[in-house]
Amino acid sequence: MPECLFCRIIAQEIPAEIIYEDEQAVAFRDINPQAPVHVLVVPRRHLPNLGAAQAEDEDLVGHLCAVAAELARRERIAKSGYRLVANVGPDAGESVHHLHFHLLGGRRLTWPPG
4 MPECLFCRII AQEIPAEIIY EDEQAVAFRD INPQAPVHVL VVPRRHLPNL GAAQAEDEDL
64 VGHLCAVAAE LARRERIAKS GYRLVANVGP DAGESVHHLH FHLLGGRRLT WPPG
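Mind the numbering: the sequence shown is residues 4 to 117 in our numbering, read in order.
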């Protein structure tokens, strides 16, 4: 989708600090980090959000979660703990309509989160 911010980052039309890429996923640092480690893990294929995922998207969603777990290890936050968040809808704070997971860590995260 040409107007989608994350599609444009994936296409390298907009600069981002990309830290991971494979045939299905791209991960990059959030430009407005909410924790010392704040990485966005997105599918290359445009999917509006997690709520739009269908049965045929199970492998893709699972892959995104596995990528996030690997990045947590690489960023050295796996042992101390991290949070993986997908915002769906306006009440959750969804602002970019392209499925993405926020990988957050590097400090104690509070609960409840909002």
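All C-beta atoms in this analysis are idealised placements derived from N, C-alpha and C, irrespective of residue type, glycine included.
As the structure is a computational prediction, the values presented were derived from the model and not from experiment.
Problem - Inside the region 30 to 81 only - beta strand (DSSP E) runs reaching at least 3 residues - result: Counting only runs of 3 or more residues that sit fully inside the region 30 to 81, the beta strand (DSSP E) segments are 40 to 46, in chain order.
Practice task
Measure how close the beta-carbons of residue 67 and residue 91 come, nearest whole angstrom, since I'm counting them as under 8 Å.
Solution key: Within the sequence shown, the letter at position 64 stands for residue 67. Within the sequence shown, the letter at position 88 stands for residue 91. Not really, about 14 Å apart at Cβ, beyond 8 Å.
Exercise for the section: Decide if the region 45 to 59 is in contact with the region 71 to 78; the criterion is three or more beta carbon pairs, one per stretch, under 8 Å apart. Expected result: No: the two stretches stay apart, fewer than three of their Cβ pairs being nearer than 8 Å.
Problem - Extent of the continuous alpha helix (DSSP H) to which residue 11 belongs - result: Reading the sequence shown from its first residue, position 8 is the one you call residue 11. Per DSSP, residue 11 belongs to the alpha helix (DSSP H) from 8 to 13.
Practice task
Evaluate residue 17 with the Cβ neighbour count: other Cβ atoms within 10 Å of its Cβ, from every protein chain shown; 16 or more gives buried, anything less gives exposed.
Solution key: In the sequence shown, residue 17 corresponds to position 14, counting from 1. With fewer than 16 Cβ atoms within 10 Å of its Cβ, residue 17 is classed as exposed.
Handout entry: Residue-chain proximity (residue 42, chain D), Cβ-Cβ < 8 Å
Key = Absent here is chain D; the protein component of the structure consists of one chain.
Exercise for the section: Compare the C-alpha of residue 36 against each of 110, 28 and 55 and name the closest. Expected result: As a working mapping, residue 36 is identified with position 33 in the sequence shown. Nearest C-alpha to residue 36 among 110, 28 and 55: 110.
Exercise for the section: Identify every residue that forms a DSSP beta bridge with residue 24. Expected result: For the purposes of this step, residue 24 is taken as the residue at position 21 of the sequence shown. 29.
Handout entry: N- and C-terminal bounds of the beta strand (DSSP E) containing residue 106
Key = On the sequence shown, position 103 is the one that residue 106 refers to. Annotation: the continuous beta strand (DSSP E) that includes residue 106 extends over 104 to 108.
Practice task
Find out if the Cβ-Cβ distance for the pair residue 27, residue 46 is shorter than 8 Å.
Solution key: To locate residue 27, count along the sequence shown from 1; it is residue 24. To locate residue 46, count along the sequence shown from 1; it is residue 43. Yes, the pair counts as a contact, with Cβ atoms nearer than the cut-off.
Problem - Pairwise C-alpha distance: residue 20 and residue 108 - result: Translated into the one-based positions of the sequence shown, residue 108 becomes position 105. Translated into the one-based positions of the sequence shown, residue 20 becomes position 17. So the alpha carbons of these two residues sit roughly 17 Å apart.
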